[in-house]
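The next block holds one structure in the form of structure tokens; read it before the comments.
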Amino acid sequence: MLLLQAGAPPANPLNDAAWLFPALECWHILGFAVSIGTIAIVDFRILGYGMVRDTAQSLAKDFAPWTLFGIVSMLLSGALMFATDPDMYYLNHPFQGKMTCLTLALLFHYTLRRKAIAAGTATAAIGIISLLLWAGVLAGGIFIGFFAT
Amino acid sequence: MLEFAQWVQFTGLFTYLRSSAFTYPIILSLHMCGIGMFGGMILLGDFRMLGISMRNRSISDLIDQLRVPKRWGALLMITCGILLAGSKAEEYYYNAFFRVKMILLLCVFVHGWIFRKSVYENTKALDAAPQVPAIAKVAAATSLLLWTGLVICGRGIGYIEPPLDKIHAEVRPMDVPRAVGAVER
Numbered sequence: 002m003l004l005l006q007a008g009a010p011p012a013n014p015l016n017d018a019a020w021l022f023p024a025l026e027c028w029h030i031l032g033f034a035v036s037i038g039t040i041a042i043v044d045f046r047i048l049g050y051g052m053v054r055d056t057a058q059s060l061a062k063d064f065a066p067w068t069l070f071g072i073v074s075m076l077l078s079g080a081l082m083f084a085t086d087p088d089m090y091y092l093n094h095p096f097q098g099k100m101t102c103l104t105l106a107l108l109f110h111y112t113l114r115r116k117a118i119a120a121g122t123a124t125a126a127i128g129i130i131s132l133l134l135w136a137g138v139l140a141g142g143i144f145i146g147f148f149a150t
Numbered sequence: 014m015l016e017f018a019q020w021v022q023f024t025g026l027f028t029y030l031r032s033s034a035f036t037y038p039i040i041l042s043l044h045m046c047g048i049g050m051f052g053g054m055i056l057l058g059d060f061r062m063l064g065i066s067m068r069n070r071s072i073s074d075l076i077d078q079l080r081v082p083k084r085w086g087a088l089l090m091i092t093c094g095i096l097l098a099g100s101k102a103e104e105y106y107y108n109a110f111f112r113v114k115m116i117l118l119l120c121v122f123v124h125g126w127i128f129r130k131s132v133y134e135n136t137k138a139l140d141a142a143p144q145v146p147a148i149a150k151v152a153a154a155t156s157l158l159l160w161t162g163l164v165i166c167g168r169g170i171g172y173i174e175p176p177l178d179k180i181h182a183e184v185r186p187m188d189v190p191r192a193v194g195a196v197e198r
């Protein structure tokens, strides 16, 4: 607390070990493989590719716990990575774009998309918007390191 | 091998890729989309065969229907991977994580070849068995280990500093790993 008052930022223990950040990145990648992976299978089904013997409705229902597990994994690991250098991320344009896409993707996923799939009225536009938003999240993550502030 | 790597990276296409501001990260993003959108298909199939997920679904339902999309995903990831690796071929030649990743990738193909007849093209028999046969569980567990290893090595590549005294291509500032800076702060 004294340190904070003196204006020195408290040390983040995540920055002490060189292997911790890359380990978080791997956790992040495996997390989004599960979440975006299960979402993409349903989107591809809506577009008429992949698991066409099943309905998008039944796939979304069975995948839902895995999608949620993946989302929680990537949000947790992502928040920890953000905490290692918040100023840099906050000012980084690709990061701002990524957070915009992520917010839109999550909102879309749990509102319009979920309702349309449950009602069996999901159109190709739903699948395409979902895939594009998640692609934006992935690309934003990559560009963070290439346009460092 | 080193001569080949040097020749590859100085061809027109790979020289352009290496020095581009946007094309290189765009290809890396597509490589990441491959992992995000198709990697999950591998994990789901493996989890199902281990009996962890979706037991209400048959194994053939997942494995047979995801076979074709998985191949498209592999094509996307490998194409982007070749473009990325070729543009820094000489640097990667010295990179221990890259070498291990290539060995693991070879193991993935060997794994598919070994278990094709008994597991991946034998899904109807797996469905009919009262319990998931041990060989399918071995295939799934090995697959999970190989793919986790590939992700770890892929991420690790960027954390090895290029041997600047040995390589001939210009190394851009963006190539210097970000987390090294984070640790120093």
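Protein sequence lines correspond, in order, to chains A and B. Going by the numbering used here, the first sequence opens with residue 2, and the numbers climb by one from there. Going by the numbering used here, the second sequence opens with residue 14, and the numbers climb by one from there. From the three backbone atoms N, C-alpha and C, an ideal C-beta is built for every residue, glycine too. Remember, predicted model here, so these are calculated numbers, not experimental data.
Which residues in chain A have a C-beta closer than 7 Å to the C-beta of residue i? List them in chain order.
i	result
residue 54(B)	38 and 42
residue 172(B)	23
residue 48(B)	30 and 34
residue 38(B)	143, 144 and 147
residue 165(B)	27
Give me the residue from the options with the minimum Cα distance to residue i.
i	options	result
residue 27(B)	82(B), 98(B) and 120(B)	98(B)
residue 177(B)	106(B), 124(B), 157(B) and 126(B)	106(B)
residue 145(A)	118(A), 123(A), 71(A) and 82(A)	82(A)
residue 14(B)	145(B), 102(B), 146(B) and 134(B)	102(B)
residue 182(B)	100(B), 94(B), 50(B) and 35(B)	100(B)
residue 31(A)	126(A), 110(A), 19(A) and 75(A)	75(A)
residue 72(A)	94(A), 54(A) and 39(A)	39(A)
residue 99(A)	42(B), 29(B) and 126(B)	42(B)
residue 21(A)	168(B), 179(B) and 31(B)	168(B)
residue 155(B)	62(B), 84(B), 18(B) and 173(B)	62(B)
residue 90(A)	149(A), 19(A), 122(A) and 23(A)	149(A)
residue 120(A)	66(A), 49(A), 56(A) and 108(A)	56(A)
residue 153(A)	30(B), 19(B), 80(B) and 45(B)	No information on residue 153(A) is available, as it lies outside the stretch 2 to 150 that chain A covers here.
residue 44(B)	91(B), 83(B) and 75(B)	91(B)
residue 107(A)	132(A), 48(A), 19(A) and 47(A)	132(A)
residue 19(A)	36(B), 172(B) and 88(B)	172(B)
Between residue i and chain B, is any beta-carbon pair separated by less than 8 Å?
i	result
residue 52(A)	yes
residue 83(A)	no
residue 106(A)	no
residue 133(A)	no
residue 4(A)	At residue 4(A), the pLDDT of 45 sits below 50, so the modelled position is not reliable and the matter cannot be decided from this model.
Can you tell me the Cβ-Cβ gap for residue i and residue j, rounded? I've got them flagged as a contact below 8 Å.
i	j	result
residue 67(B)	residue 88(A)	Not a contact, Cβ separation roughly 43 Å.
residue 47(B)	residue 86(B)	5 Å
residue 104(B)	residue 175(B)	4 Å
residue 163(B)	residue 114(B)	6 Å
residue 118(A)	residue 58(A)	6 Å
residue 165(B)	residue 27(A)	5 Å
residue 70(A)	residue 141(A)	Their Cβ separation, rounded to whole angstroms, is 22 Å, which puts residue 70(A) and residue 141(A) out of contact at 8 Å.
residue 145(B)	residue 94(B)	In fact, because the Cβ distance is near 32 Å, the residues do not count as touching under 8 Å.
residue 50(B)	residue 65(A)	Rounded, the Cβ-Cβ distance is 18 Å, inconsistent with contact.
Here's a check: name, in chain order, each residue in its chain whose Cβ is nearer than 6 Å to the Cβ of residue i, leaving out the five neighbours to either side.
i	result
residue 157(B)	59
residue 111(B)	105 and 170
residue 137(A)	102
residue 45(A)	51
residue 195(B)	With a pLDDT of 43 at residue 195(B), under the threshold of 50, the modelled position of that residue is not reliable, and the figure given next carries that caveat. Closer than 6 Å at Cβ, skipping near neighbours: no residue.
For residue i, which residues of its own chain have a beta-carbon under 8 Å away from its beta-carbon, when the five flanking residues on both sides are left out?
i	result
residue 148(B)	128, 131 and 132
residue 139(A)	33 and 37
residue 159(B)	117, 120, 121 and 124
residue 79(A)	29
residue 104(A)	none
residue 77(B)	136
residue 33(B)	none
By Cβ distance below 7 Å, which residues in the same chain neighbour residue i in space, the five residues on each side in sequence not counted?
i	result
residue 13(A)	84 and 85
residue 61(A)	43 and 118
residue 140(B)	71, 72 and 73
residue 137(B)	73
residue 25(A)	78, 81 and 82
Check whether chain A comes within 8 Å of residue i, counting only Cβ atoms and requiring the distance to be less than that.
i	result
residue 169(B)	yes
residue 62(B)	no
residue 68(B)	no
residue 118(B)	no
residue 79(B)	yes
residue 198(B)	Unreliable positioning characterises residue 198(B) in this predicted model, as indicated by a pLDDT of 35, which lies under 50. The coordinate reading is nonetheless provided below. For residue 198(B), the answer is yes, since a Cβ of chain A falls inside 8 Å of its Cβ.
residue 57(B)	yes
For a contact defined as C-beta to C-beta under 7 Å, what are the partners of residue i on chain B?
i	result
residue 140(A)	42
residue 136(A)	46
At 9 Å on the CB atoms, spell out the chain B contacts of residue i, in chain order.
i	result
residue 45(A)	50 and 82
Along chain A, which residues have their Cβ under 9 Å away from the Cβ of residue i?
i	result
residue 140(B)	What residue 140(B) touches in chain A: nothing, since even the nearest Cβ is about 14 Å away.
residue 74(B)	52, 54 and 55
Using beta carbons (cut-off 8 Å, strictly below), is residue i in contact with chain E?
i	result
residue 161(B)	This model lacks chain E altogether; the protein chains it does include are A and B.
Any heavy atom of the ligand MN closer than 7 Å to the CB of residue i?
i	result
residue 53(A)	Among the components of this structure there are no ligands whatsoever, and the ligand MN is therefore not found.
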